[in-house]
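Using our numbering, the first residue of the sequence shown is number 16, and each one after it goes up by one.
Backbone N, C-alpha and C fix where the C-beta goes; we use that ideal spot for every residue, glycine too.
If you're wondering where the values come from, they're calculated on a predicted model, not measured in any experiment.
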Amino acid sequence: MTDRVLIIDFGSQVTQLIARRVRESGVYSEIHPFNNISDEFLDEYAPKAVILSGGPASVHWDKAPSAPARVFDLGVPVLGICYGQQTMVNQLGGKVATSDHREFGRAFVDVIEDCALFTGTWAEGAREQVWMSHGDRVDALPDGFRVVGKSDGAPFAAIANDDKKFYAVQFHPEVVHTPHGAQLLKNFTHGVAGCSGDWTMNAYKDDAIEKIRKQVGDGKVICGLSGGVDSSVTAVLIHEAIGDQLTCVFVDHGFMRSGEADQVVTLFRDHYNIPLVHVDATDTFINAIEGEIDPETKRKTIGRLFIETFEEEAKKIGGADFLAQGTLYPDVIESVSFTGGPSVTIKSHHNVGGLPERMNMQLVEPLRELFKDEVRDLGRELGLPDSFVGRHPFPGPGLAIRIPGQPITREKLDILRKADAIYLEEIRNAGLYDAIWQAFAVLLPVRTVGVMGDGRTYDYACALRAVTSTDGMTADFFPYPPELLGRIANRIINEVNGINRVTYDFTSKPPGTIEWE
Ligand code: XMP
Numbered sequence: 016m017t018d019r020v021l022i023i024d025f026g027s028q029v030t031q032l033i034a035r036r037v038r039e040s041g042v043y044s045e046i047h048p049f050n051n052i053s054d055e056f057l058d059e060y061a062p063k064a065v066i067l068s069g070g071p072a073s074v075h076w077d078k079a080p081s082a083p084a085r086v087f088d089l090g091v092p093v094l095g096i097c098y099g100q101q102t103m104v105n106q107l108g109g110k111v112a113t114s115d116h117r118e119f120g121r122a123f124v125d126v127i128e129d130c131a132l133f134t135g136t137w138a139e140g141a142r143e144q145v146w147m148s149h150g151d152r153v154d155a156l157p158d159g160f161r162v163v164g165k166s167d168g169a170p171f172a173a174i175a176n177d178d179k180k181f182y183a184v185q186f187h188p189e190v191v192h193t194p195h196g197a198q199l200l201k202n203f204t205h206g207v208a209g210c211s212g213d214w215t216m217n218a219y220k221d222d223a224i225e226k227i228r229k230q231v232g233d234g235k236v237i238c239g240l241s242g243g244v245d246s247s248v249t250a251v252l253i254h255e256a257i258g259d260q261l262t263c264v265f266v267d268h269g270f271m272r273s274g275e276a277d278q279v280v281t282l283f284r285d286h287y288n289i290p291l292v293h294v295d296a297t298d299t300f301i302n303a304i305e306g307e308i309d310p311e312t313k314r315k316t317i318g319r320l321f322i323e324t325f326e327e328e329a330k331k332i333g334g335a336d337f338l339a340q341g342t343l344y345p346d347v348i349e350s351v352s353f354t355g356g357p358s359v360t361i362k363s364h365h366n367v368g369g370l371p372e373r374m375n376m377q378l379v380e381p382l383r384e385l386f387k388d389e390v391r392d393l394g395r396e397l398g399l400p401d402s403f404v405g406r407h408p409f410p411g412p413g414l415a416i417r418i419p420g421q422p423i424t425r426e427k428l429d430i431l432r433k434a435d436a437i438y439l440e441e442i443r444n445a446g447l448y449d450a451i452w453q454a455f456a457v458l459l460p461v462r463t464v465g466v467m468g469d470g471r472t473y474d475y476a477c478a479l480r481a482v483t484s485t486d487g488m489t490a491d492f493f494p495y496p497p498e499l500l501g502r503i504a505n506r507i508i509n510e511v512n513g514i515n516r517v518t519y520d521f522t523s524k525p526p527g528t529i530e531w532e
């Protein structure tokens with residue numbers, strides 16, 4: 016059986032990064048919330064090691080979260096991280112104090128003694144950079160533990176009980192700001208727990224297929240295809256699992272890029288043989304938002320129409336028991352608030368929100384644990400062409416949110432579509448497409464004066480946007496060589512009737528967002 020690590024979640028924003036690091040080192044892992052782990056589950060799951068995540072709680076709270084006591088009796092290695100360290104210490108008889116020396120961000124750990132976690136990476140006497148985020152800290156160790164690292168704010172920054180193979184750290188090894196963190200985690204899973212590291216994305220695929228079969232049984236699944244990477248990988252994965260029990264519905268709202276609708280239909284219907292309903296709803300959508308300027312109204316109208324169209328098509332094929340969605344892990348963290356407080360809506364991204372309740376369907380979300388680049392790996396594993404999995408993200412409302420501050424018309428959609436196609440073709444030709452997270456053109460609501468040949472022009476301006484990012488949450492503008500920008504601008508102005516000026520957007524996120532609306 017594959018070696019499995021169990022990650023017990025106490026609500027840290029970065030718990031998934033632990034899973035990701037473990038996966039990257041070739042070991043299978045699952046995350047389970049601390050309050051939903053029975054003894055039977057532990058026996059059945061039979062973890063080779065357990066990792067306790069960080070979290071926002073304090074062990075001094077009433078009803079403070081804790082690890083199931085049995086975790087410490089399983090006879091397997093346990094690693095506590097941040098709050099995971101504090102609850103481990105508290106549960107095993109040590110002491111945690113509320114400290115007024117809080118540490119947030121970059122900190123340094125002095126390595127006091129050797130320890131299995133540090134093998135080959137941290138030497139005794141070294142001072143190593145880590146990332147901390149804590150108020151409380153360990154103040155006295157339980158029996159059998161020794162301190163192996165300390166920092167200014169945490170005298171017990173790293174501790175070890177070698178006999179029991181219990182280890183704990185106050186810092187976060189899972190984030191990239193702890194430069195050797197991945198190696199420390201690998202030392203734990205491989206060196207201490209003896210995991211073999213032979214697990215791959217291919218195994219993840221097999222496992223995901225198994226889970227889908229178990230969840231769905233002989234039920235019917237419907238999947239809204241947008242043409243993007245996430246919904247495509249979801250569809251192909253589910254199709255591998257349950258074949259024709261899956262039907263995909265592709266709602267063409269008329270805000271797609273040039274040639275996109277055809278590519279989606281050809282790939283899924285002809286290449287994969289996946290039952291696909293292609294709804295050309297262009298008129299409905301365009302008529303509904305023609306003339307609309309307000310970004311949120313546009314998003315909401317498109318979202319509502321999408322749901323209505325999808326619902327109608329679902330009825331036509333006789334309904335379904337499950338709705339498949341390409342939800343990724345960053346979507347999950349963005350939509351969960353651990354503080355319980357209301358968070359501000361910057362943009363209403365979730366276009367199909369509310370659909371499962373309305374249609375009385377259960378959700379199938381096989382990508383919920385993955386990050387975008389892992390979804391791309393999974394897509395390749397499933398045989399999707401590189402050109403498809405490497406696609407830039409594209410927003411649900413499509414080109415409708417790239418014509419800001421002006422009434423949307425079919426004519427403007429056509430102009431934008433042409434400019435966007437030239438832009439993307441040029442960056443592909445320049446070999447830069449894969450280095451960029453997302454690139455697109457925006458049609459601006461201003462007309463400017465130009466001169467072409469001997470005549471005066473009075474046409475629209477367009478802006479080009481390109482950003483680098485790892486998850487879309489923060490982004491930097493892409494530093495193109497000026498010659499390339501010049502060539503793209505020239506082609507757009509010469510080839511697209513209606514545009515006579517091109518600008519480049521140098522805004523990072525924050526303070527800007529990636530899309531203009
Ligand atoms: P922003 O503009 O908020 O975008 O920085 C972050 C990422 O999300 C995409 N985006 C959307 N995706 N529906 C979507 O499915 C939307 O309404 C939407 N708005 C933005 C955006 O393209 C970028 O990748």
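Enclosing beta strand (DSSP E) for residue i [first to last residue]
{"i": "G413", "result": "First-last for G413: undefined, no H or E at that position."}
{"i": "M216", "result": "Unbroken run through M216 is the alpha helix (DSSP H), 216–231; no beta strand (DSSP E)."}
{"i": "D295", "result": "291–295"}
{"i": "S114", "result": "110–126"}
{"i": "E307", "result": "First-last for E307: undefined, no H or E at that position."}
Which listed residue (the options) has its alpha carbon closest to that of residue i
{"i": "E396", "options": "R36, I304, Y219", "result": "Y219"}
{"i": "K110", "options": "S73, T134, F403", "result": "S73"}
{"i": "I332", "options": "G318, D309, T262", "result": "T262"}
{"i": "R516", "options": "I317, D474, E498, D346", "result": "D474"}
{"i": "V390", "options": "S44, R35, R19", "result": "R35"}
{"i": "N509", "options": "R85, T472, A169, P496", "result": "T472"}
{"i": "Q421", "options": "G398, E305, K63, Q230", "result": "E305"}
{"i": "A434", "options": "A504, V464, T485, V466", "result": "A504"}
{"i": "R19", "options": "A61, F337, K78, T463", "result": "A61"}
{"i": "P494", "options": "G468, A450, V461", "result": "A450"}
{"i": "R85", "options": "Y287, W76, V65", "result": "V65"}
Same chain, Cβ closer than 6 angstroms to residue i, five either side skipped, listed in chain order
{"i": "R284", "result": "L291"}
{"i": "F181", "result": "V93"}
{"i": "T518", "result": "A478"}
{"i": "F49", "result": "I23, F25, P80"}
{"i": "A476", "result": "L459, V461, T463, R516"}
{"i": "L499", "result": "A445"}
Boundaries (first-last residue) of the alpha helix (DSSP H) holding residue i
{"i": "F493", "result": "Neither: F493 is in no alpha helix (DSSP H) and is coded neither H nor E."}
{"i": "P497", "result": "497–510"}
{"i": "Y98", "result": "98–106"}
{"i": "K165", "result": "Element bounds for K165: not the alpha helix (DSSP H) but the beta strand (DSSP E), 161–165."}
{"i": "D151", "result": "Element bounds for D151: not the alpha helix (DSSP H) but the beta strand (DSSP E), 142–155."}
{"i": "D429", "result": "425–444"}
{"i": "S402", "result": "401–404"}
{"i": "S211", "result": "Run containing S211: none; DSSP gives neither H nor E here."}
Euclidean distance between Cα positions of residue i and residue j
{"i": "Q340", "j": "S114", "result": "44 angstroms"}
{"i": "N51", "j": "T281", "result": "44 angstroms"}
{"i": "T215", "j": "G90", "result": "26 angstroms"}
{"i": "E13", "j": "L459", "result": "Residue 13 lies beyond the stretch modelled for the chain, which goes from 16 to 532, so this question has no answer here."}
{"i": "S44", "j": "I22", "result": "7 angstroms"}
{"i": "I418", "j": "V251", "result": "32 angstroms"}
{"i": "D388", "j": "P412", "result": "23 angstroms"}
{"i": "A173", "j": "V37", "result": "19 angstroms"}
{"i": "A329", "j": "D233", "result": "17 angstroms"}
{"i": "F29", "j": "T424", "result": "One point to set straight first is that residue 29 is Val, not Phe, in the sequence displayed. Taking the straight line from one Cα to the other gives about 43 angstroms."}
{"i": "N105", "j": "D154", "result": "10 angstroms"}
{"i": "V184", "j": "G95", "result": "6 angstroms"}
{"i": "G356", "j": "G405", "result": "For G356, the predicted structure reports a pLDDT of 38, less than 50, and the residue's modelled location is therefore unreliable. The matter cannot be settled from this model."}
{"i": "T134", "j": "G209", "result": "14 angstroms"}
{"i": "E255", "j": "K235", "result": "14 angstroms"}
{"i": "S358", "j": "R117", "result": "Annotation note: pLDDT 45 at S358 (below 50); position unreliable, coordinate value reported separately. The alpha-carbon atoms of S358 and R117 are separated by roughly 25 angstroms."}
{"i": "A169", "j": "G70", "result": "17 angstroms"}
{"i": "D54", "j": "P410", "result": "43 angstroms"}
Any non-hydrogen atom of the ligand MN closer than 8 angstroms to residue i Cβ
{"i": "G487", "result": "No copy of the ligand MN appears in this structure; the ligands present are the ligand XMP."}
Nonlocal neighbours in the same chain, by C-beta distance under 7 angstroms from residue i, ignoring five residues either side
{"i": "S12", "result": "With the chain covering only 16 through 532, there is no way to say anything about residue 12."}
{"i": "V351", "result": "For V351, the predicted model reports a pLDDT of 47, less than 50, meaning its position is unreliable; a value from the coordinates is still stated below. Taken in chain order, the list of residues that qualify is empty."}
{"i": "G212", "result": "S40, G41, V42, H205"}
{"i": "V190", "result": "V29, L32, W146, G196"}
{"i": "T17", "result": "Y43, W214, A218"}
Sequence-distant residues of the same chain with beta carbon closer than 8 angstroms to residue i, five excluded per side
{"i": "H47", "result": "L21, I22, I23, D24, F56"}
{"i": "V538", "result": "Here the chain covers residues 16 to 532 and nothing more, so residue 538 does not appear."}
Problem - Touching by the beta-carbon criterion (3+ pairs, under 8 angstroms), the region 145–164 and the region 118–129 - result: They touch, by the three-pair rule.
Problem - At least 3 beta-carbon pairs within less than 8 angstroms: the region 376–386 vs the region 425–432 - result: With fewer than three CB-CB distances shorter than 8 angstroms, the region 376–386 does not count as touching the region 425–432.
Exercise for the section: Determine, using beta-carbon pairs with one atom in the region 117–124 and one in the region 91–106, whether at least three such pairs fall under 8 angstroms. Expected result: Taking a cut-off of 8 angstroms for Cβ pairs, the region 117–124 and the region 91–106 do not touch, as fewer than three such pairs fall below it.
Handout entry: the region 237–246 / the region 260–279 touching (three or more Cβ pairs under 8 angstroms)
Key = Counting C-beta pairs with one atom in each stretch, the region 237–246 and the region 260–279 have three or more that are closer than 8 angstroms, which means they touch.
Handout entry: the region 478–494 / the region 518–532 touching (three or more Cβ pairs under 8 angstroms)
Key = Proximity of the region 478–494 to the region 518–532 meets the contact definition, three or more beta-carbon pairs being nearer than 8 angstroms.
Handout entry: the region 150–160 in contact with the region 192–204 per 3-pair CB rule at 8 angstroms
Key = No, they do not touch.
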